[in-house]
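Working notes for the structure below.
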Amino acid sequence: MVLSEHGQGTARMWVALSTPPVVWFAAQNAGYFFVSWACARQNGEWILHGIAIVSIALTVGAGLLAWSELRHVGHRGPDDHDDHDQRMRFLARIAIAGAVIFTLILLVQWIAIAIQDPCMPWPRSRFTPDADGATRTSAGVARAARPAAPSRPAR
Numbered sequence: 708m709v710l711s712e713h714g715q716g717t718a719r720m721w722v723a724l725s726t727p728p729v730v731w732f733a734a735q736n737a738g739y740f741f742v743s744w745a746c747a748r749q750n751g752e753w754i755l756h757g758i759a760i761v762s763i764a765l766t767v768g769a770g771l772l773a774w775s776e777l778r779h780v781g782h783r784g785p786d787d788h789d790d791h792d793q794r795m796r797f798l799a800r801i802a803i804a805g806a807v808i809f810t811l812i813l814l815v816q817w818i819a820i821a822i823q824d825p826c827m828p829w830p831r832s833r834f835t836p837d838a839d840g841a842t843r844t845s846a847g848v849a850r851a852a853r854p855a856a857p858s859r860p861a862r
């Protein structure tokens, strides 16, 4: 199927517009999926860094695609009344803004992966219940949970 010049530009624009949120969603899910695998292996965090690098590269690529489409359409002239060109300029600017926002989000998530160990256990307080219902005292000794006080029958 051969697309006209307008059709190719529109298809590229929709790719540039939809790629950043889809890549962010996929990176988020892949990170959750692979974190247990990475923690089970020594030096397995490389997969999490790889996911971040590939997702950032894809969102930057989508932003560059939108930028090239904006340059292809050009700036609005005083006698420009072509609805297609106006739509393309609008979509290009929205796609560039979306690419910038999602790239920043992915960068912040990657910084969090780099700074904090993703395999670090959650901090526990002395009042955090264990699986058996016991709580830890200030000395760290497990204390059994108190049974519920019997209720008095109504008179």
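For the sequence shown, position 12 matches number 719 in this note's numbering, and the numbering has no gaps at all.
The beta-carbon is built from N, C-alpha and C at its ideal position, and this holds for glycine as well.
What does the Cβ neighbour count give for residue i, buried or exposed, with the cut at 16 atoms within 10 Å?
i: LEU811; result: exposed
i: PHE797; result: exposed
i: ARG719; result: buried
i: ALA821; result: exposed
i: GLN749; result: exposed
i: GLN816; result: buried
i: LEU710; result: In this prediction, LEU710 has a pLDDT of 45, which is less than 50 and means its spatial position is unreliable; what the coordinates show is noted afterwards. Looking at its Cβ environment, which holds fewer than 16 other Cβ atoms inside 10 Å, LEU710 is exposed.
i: ALA747; result: exposed
Assuming residue i contacts residue j under a Cβ cut-off of 8 Å, what Cβ separation, rounded to an integer in Å, is found between them?
i: PRO825; j: VAL742; result: 5 Å
i: LEU765; j: GLY738; result: At roughly 15 Å, the Cβ-Cβ gap does not stay under 8 Å, so LEU765 and GLY738 are not in contact.
i: ALA752; j: ALA745; result: Looking at the sequence shown, residue 752 is not Ala but Glu. The Cβ separation is near 5 Å, so the contact holds.
i: LEU813; j: SER762; result: 5 Å
i: ALA769; j: THR726; result: 4 Å
i: ASP792; j: VAL807; result: The pair is not a contact, with the Cβ atoms about 23 Å apart (cut-off 8 Å).
i: PHE809; j: TRP731; result: 5 Å
How is the alpha helix (DSSP H) around residue i delimited, first residue to last?
i: ASP790; result: 790 to 822
i: GLY768; result: 753 to 780
Given the structure, does residue i come close to the ligand COA, in the sense that its CB is under 7 Å from one of the ligand's heavy atoms?
i: ALA804; result: The model depicted lacks the ligand COA and carries no ligand whatsoever.
Worksheet entry | Touch test, the segment 771 to 781 against the segment 802 to 810, Cβ-Cβ under 8 Å, three pairs minimum | Yes: the two stretches touch, three or more of their Cβ pairs being nearer than 8 Å.
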